[in-house]
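Residue numbers (this note's numbering): -18 to 196.
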Amino acid sequence: MWGGLLKSVLLTLLSMAALTAPLIMRVNTYPLSKLDYLAILLLTVWLFNEFYLPSTPRSNEIKERLSLQILVILQPGTIFITAAQYFWLGPTLTLLSTMRFFGLLMALSGLILRALSMVTLGKRYTMVVSIREGHTIVTRGLYKHIRHPGYLGMFLFLLGFVLFFSSSWGLIVYMIWGIGQLYRIRIEERVLENFFGNFYTEYQKRSKRLIPFVY
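Given below as structure tokens:
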């Protein structure tokens, strides 16, 4: 436990140091607002949360493993490219200040949603699509209405982060990541359908994939 915690803290600190280095060098020329500091705090919490995820067994399915490897690159890639472009070049999308504030709220909502979904799943949470001994479907709490609240939280956090920092490059990477994530969700649901049969099919009928009452 403590080893994983220390590793997560160190990785988070190293990542934040790399991301904010250009920002520190230019702080006298481009002072940060309170919202900028809040966004950096949210990013720090998100990085720690992702680094602290429990380790999972390797998948034997080539397609599944490949999709995971691509997403593992694109997910932090969205963050790093967005932050790097903003800290080095400044905003590259013309957005109203209210839209940037909305993006920050979206990122906060996504972070909370993802954390709650992980807490609800507990030891059932994995990054690899797999069925374990004694595996059951969680249909309580957030999972009563949507089947993938953790993924929804990730969608919200990344998009909110891109909007707040007004990054055109980040938006492009985010869209590519989003397509890959939707594909991965379908892989996961196919595995669960094959294993749980009618039980999961009935659960699909009374819940939505990502957006309550919509999709």
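All residues carry an ideal CB built from backbone N, CA and C; glycine is no exception.
Please read these numbers as outputs of a predicted model, since none were measured by experiment.
Give the secondary structure of residue 192 by DSSP, where H, G and I count as helix, E and B as strand, and everything else as coil. For the purposes of this step, residue 192 is identified with residue 211 of the sequence shown, where counting begins at 1. Correct three-state label for residue 192: coil.
When you compare each of 66, 170, 51, 176 to residue 143 by their alpha carbons, which one comes out closest? Stepping through the sequence shown from its first residue, residue 143 is reached at position 162. Among 66, 170, 51, 176, the Cα nearest to that of residue 143 is on 66.
Sequence-distant residues of its chain with Cβ nearer than 6 Å to residue 88 (five each side left out): In the sequence shown, residue 88 corresponds to position 107, counting from 1. Once the five neighbours on either side are set aside, the close Cβ partners of residue 88 are 23, 138, 141, 142.
Which residue spans inside the segment 129 to 171 form an unbroken alpha helix (DSSP H) run of at least 4? 130 to 145
So for residue 118, helix, strand or coil by DSSP? Locating residue 118 in the sequence shown gives position 137, where the first residue counts as 1. In this structure, residue 118 counts as coil in the three-state DSSP scheme.
In terms of alpha-carbon separation, which member of 19, 50, 124, 70 lies closest to residue 148? On the sequence shown, position 167 is the one that residue 148 refers to. Ranking the options by Cα distance to residue 148, first place goes to 70.
Integer Cβ distance of residue 123 from residue 191, believed to fall under 8 Å: Counted from its first residue, the sequence shown places residue 123 at position 142. Counted from its first residue, the sequence shown places residue 191 at position 210. About 12 Å; that fails the 8 Å criterion.
Which residues bound the alpha helix (DSSP H) around residue 186? Indexing the sequence shown from 1 puts residue 186 at position 205. Segment 179 to 186, the alpha helix (DSSP H) holding residue 186.
To the nearest angstrom, report how far apart residue 177 and residue 25 are at their CA atoms. Position 196 of the sequence shown, counted from the first residue, corresponds to residue 177. Position 44 of the sequence shown, counted from the first residue, corresponds to residue 25. In a straight line, the C-alpha of residue 177 is about 38 Å away from that of residue 25.
Could you give the residue range of the alpha helix (DSSP H) that holds residue 97? Walking along the sequence shown from the start, residue 97 turns up at place 116. Element bounds for residue 97: 78 to 102.
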